[in-house]
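Residues 166 to 623 in my numbering are what the sequence shown spells out, letter by letter.
Every residue, glycine too, gets a C-beta built ideally from N, C-alpha and C.
The model shown is predicted, which means the values in this text are computed figures rather than measured ones.
Single-structure report; data block below.
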Amino acid sequence: MSPFRHACLFAFTVLFGGLPIAAAESQSNIVVIYADDLGYGDLGCYGSPVIRTPNLDRMAAEGLRFTDFYSGAEVCTPSRAALLTGRYALRSGMAAARRVLFPDSKGGLPPAEVTLAEALKDAGYATAHVGKWHLGIHPGSRPLDQGFDRSYGLPYSNDMDKKPGLPQGSSGSPNPPADGWNVPLLHNGKIIEQPANQSTLTRRYTEQAVAFIREHGQRPFFLYFAHTFPHVPLFASPAFKGKSRAGIYGDAVAELDWSVGEVLATLRKEGLAENTLVIFASDNGPWLTMRDQGGSAGLLRDGKGSTWEGGMRVPGIAWMPGRIQPGVTSEMASVLDLYPTALVLAQAPQPDKLALDGIDLGPLLFHRQPLPERPFFYYRGNELFACRVGEWKAHFRTQTGYGQAPLEVHEPPLLFHLGRDPSEKRDVAAAHPDVFERISRLVTAHRATVVPAPPQLN
Ligand code: MG
Numbered sequence: 166m167s168p169f170r171h172a173c174l175f176a177f178t179v180l181f182g183g184l185p186i187a188a189a190e191s192q193s194n195i196v197v198i199y200a201d202d203l204g205y206g207d208l209g210c211y212g213s214p215v216i217r218t219p220n221l222d223r224m225a226a227e228g229l230r231f232t233d234f235y236s237g238a239e240v241c242t243p244s245r246a247a248l249l250t251g252r253y254a255l256r257s258g259m260a261a262a263r264r265v266l267f268p269d270s271k272g273g274l275p276p277a278e279v280t281l282a283e284a285l286k287d288a289g290y291a292t293a294h295v296g297k298w299h300l301g302i303h304p305g306s307r308p309l310d311q312g313f314d315r316s317y318g319l320p321y322s323n324d325m326d327k328k329p330g331l332p333q334g335s336s337g338s339p340n341p342p343a344d345g346w347n348v349p350l351l352h353n354g355k356i357i358e359q360p361a362n363q364s365t366l367t368r369r370y371t372e373q374a375v376a377f378i379r380e381h382g383q384r385p386f387f388l389y390f391a392h393t394f395p396h397v398p399l400f401a402s403p404a405f406k407g408k409s410r411a412g413i414y415g416d417a418v419a420e421l422d423w424s425v426g427e428v429l430a431t432l433r434k435e436g437l438a439e440n441t442l443v444i445f446a447s448d449n450g451p452w453l454t455m456r457d458q459g460g461s462a463g464l465l466r467d468g469k470g471s472t473w474e475g476g477m478r479v480p481g482i483a484w485m486p487g488r489i490q491p492g493v494t495s496e497m498a499s500v501l502d503l504y505p506t507a508l509v510l511a512q513a514p515q516p517d518k519l520a521l522d523g524i525d526l527g528p529l530l531f532h533r534q535p536l537p538e539r540p541f542f543y544y545r546g547n548e549l550f551a552c553r554v555g556e557w558k559a560h561f562r563t564q565t566g567y568g569q570a571p572l573e574v575h576e577p578p579l580l581f582h583l584g585r586d587p588s589e590k591r592d593v594a595a596a597h598p599d600v601f602e603r604i605s606r607l608v609t610a611h612r613a614t615v616v617p618a619p620p621q622l623n
């Protein structure tokens with residue numbers, strides 16, 4: 166605790182008899198750092214031999230590193246909707262055949278959704294969004310409409326708003342034109358720069374995040390820090406450009422790693438580390454069709470856009486020194502679990518009427534208790550493509566991330582054992598009809614609870 170915060174709480178105790186202190190002290194801060202298109206194999210602590218990520222490696226060494234952590238969906242928009250609502254994106258209408266929001270989309274995250282920011286704000290938290298939003302630009306869907314006190318970042322992906330005449334393939338270039346995209350930088354909903362200077366975005370995002378943390382030592386806070394990179398087009402500030410073995414992709418990841426280090430160092434300096442849960446994850450797998458400018462899914466199959474493991478299994482690290490014992494876990498978890506986990510740490514009620522799809526990870530994070538076995542559902546757009554329970558994963562449909570191969574419908578489904586075959590190479594469905602029957606029952610039960618909301622992305 167910072168000396169100032171301590172002094173304030175002491176004064177509060179004297180004035181009000183001490184009761185509010187317990188509440189204030191027991192509400193932990195929540196920081197979610199969400200990378201964009203970072204692959205399972207792109208960090209040192211996940212086996213990258215070419216990208217140096219000392220800060221994330223240290224975060225993993227001091228925290229709990231997940232081997233089996235999933236993003237909310239296979240691409241940006243539904244993945245972010247899932248994180249902030251705690252629900253599969255189909256439930257909020259944020260998953261559709263057109264897979265993400267574009268600048269011309271009429272829809273966005275519906276105001277009726279209770280975002281994590283809204284739930285935590287109701288519990289007394291200060292809330293900030295820094296980075297990419299991609300959940301809607303129209304009234305009702307914007308960060309300040311969805312529970313954030315402040316917001317600084319891009320309204321959607323950095324490869325949207327292409328300038329006329331921009332040559333095909335520019336976004337995947339190792340040296341993209343700085344003025345090729347007219348994407349604006351917004352501060353609390355107002356355009357402050359257009360086009361955004363992408364080379365300094367990570368640094369400026371980090372300054373905003375650090376300032377927010379410093380200003381809120383006395384009050385519980387929620388920081389949703391959604392990086393623009395390593396989504397193409399790739400840029401890095403001069404301090405990082407040209408320094409990585411892995412080209413501009415590695416430079417961008419190295420700068421993101423620096424940013425994580427700054428956030429954690431600020432929490433330590435302010436005396437907040439022991440009372441702040443920090444989660445690091447990625448919104449989907451690497452964009453493999455960008456070749457050298459796309460990342461690596463390591464040993465996992467395929468990448469962004471697909472429901473093979475490489476599309477949705479991502480780095481996942483939880484950090485809270487003194488509360489989370491360092492280690493590695495193979496328990497399955499996903500960003501859907503962050504919502505209920507955060508509400509427990511905030512001592513906030515779980516929203517009634519809303520179907521949440523995740524569970525509180527507290528027993529695993531703080532007591533190393535195994536989580537109950539539960540299914541995870543892989544959607545591509547608004548279609549359920551696969552289901553995992555335990556080590557088993559059944560694919561009902563498969564398609565490569567960006568349509569390089571046609572859709573395949575599998576009857577009977579493909580079945581893989583992710584423990585013995587993490588790369589999904591050997592279909593063993595014929596030998597395990599009992600497993601498929603079990604998964605089939607889980608899928609039927611899941612479908613019965615999912616009421617698709619009006620699609621927002623078309
Ligand atoms: Mg993404």
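Residue of the options minimising C-alpha distance to residue i
i, options, result
"P491", "Y211, R230, Y199", "R230"
"H299", "G318, A288, L501", "G318"
"V608", "L510, I444, C552", "C552"
"A419", "S191, V215, Q192", "V215"
"P320", "G334, L521, I302, Q363", "I302"
"P577", "G382, R369, D586, R562", "R562"
"P304", "Y290, V443, L331, L274", "L274"
"H381", "G436, F400, S336", "G436"
"M224", "D592, G487, E573", "G487"
"E559", "R585, V593, Y389", "What sits at residue 559 in the sequence shown is Ala, not Glu. Ranking R585, V593, Y389 by Cα distance to A559 puts V593 first."
"Q311", "Q192, L536, D326, L281", "L281"
"G289", "S270, K271, F313, G272", "F313"
Buried versus exposed call for residue i [16 or more other C-beta atoms within 10 Å across all chains shown]
i, result
"E538", "exposed"
"K469", "buried"
"D599", "exposed"
"A187", "Residue confidence for A187 is low, a pLDDT of 41 falling below 50, so the modelled location carries little weight; the figure read from the coordinates is stated next. The residue in question, A187, is exposed, as its Cβ has fewer than 16 Cβ neighbours within 10 Å."
"N194", "buried"
"D233", "buried"
"Q373", "buried"
"H352", "exposed"
"N623", "exposed"
"S495", "exposed"
"L465", "buried"
"I482", "buried"
"I604", "buried"
"Q569", "exposed"
"Q363", "buried"
"G334", "exposed"
CA-to-CA distance, residue j to residue i, given in whole angstroms
i, j, result
"V554", "L583", "10 Å"
"G475", "L429", "28 Å"
"R410", "A596", "44 Å"
"H396", "Y199", "12 Å"
"A189", "E439", "At A189, the pLDDT of 45 sits below 50, so the modelled position is not reliable and the matter cannot be decided from this model."
"S471", "F550", "9 Å"
"Y544", "R379", "38 Å"
"L350", "P360", "7 Å"
"Y504", "G251", "5 Å"
"V479", "Y211", "10 Å"
"V240", "F394", "14 Å"
"P268", "R612", "31 Å"
"A261", "A238", "12 Å"
"N547", "M259", "9 Å"
"P540", "L249", "20 Å"
"D448", "V197", "11 Å"
"G415", "T506", "32 Å"
"G459", "V279", "33 Å"
"T565", "P385", "42 Å"
"F531", "G330", "54 Å"
"L442", "W484", "6 Å"
"K434", "V375", "11 Å"
Cβ-Cβ separation, residue j to residue i (assumed contact under 8 Å), whole Å
i, j, result
"G463", "G206", "3 Å"
"P308", "H294", "4 Å"
"A391", "R533", "Actually they are not in contact, since the Cβ atoms of A391 and R533 sit about 29 Å apart, beyond 8 Å."
"K297", "S316", "Not quite, the Cβ-Cβ distance comes to about 11 Å (not below 8 Å), so this is no contact."
"P398", "W346", "7 Å"
"M455", "G337", "4 Å"
"I413", "A401", "7 Å"
"D422", "P219", "7 Å"
Any chain C beta carbon closer than 8 Å to residue i
i, result
"T472", "You won't find chain C in this structure, because it holds only one protein chain."
### Query
Hey, which unbroken runs of the beta strand (DSSP E) at 3 residues or more fall wholly within the stretch 236-307?
Within the stretch 236-307, the complete beta strand (DSSP E) segments at least 3 residues long are 291-296, listed from N- to C-terminus.
#### Entry: Inside the stretch 319-396 only - beta strand (DSSP E) runs reaching at least 3 residues
Those beta strand (DSSP E) runs which fall completely within the stretch 319-396 and span 3+ residues are 350-352, 355-358, 386-391.
### Message
Suppose only complete runs of 3+ residues qualify. What are the beta strand (DSSP E) ranges in the stretch 566-619, listed by chain order?
### Response
If one requires a minimum length of 3 residues, the beta strand (DSSP E) runs lying completely within the stretch 566-619 are 573-582, in chain order.
### Residue ranges of each alpha helix (DSSP H) within the stretch 507-567, 4 or longer
Taking only runs of at least 4 residues, the alpha helix (DSSP H) segments lying wholly in the stretch 507-567 are 527-532.
#### Entry: Completely contained beta strand (DSSP E) runs for the stretch 413-494, where each covers 3 or more residues
DSSP runs (the beta strand (DSSP E)) wholly in the stretch 413-494: 441-447, 478-484, 492-494.
### Task
Mind listing, in chain order, the continuous beta strand (DSSP E) runs of no fewer than 3 residues lying wholly within the stretch 203-230?
If only uninterrupted beta strand (DSSP E) runs of at least 3 residues are considered, none is enclosed by the stretch 203-230.
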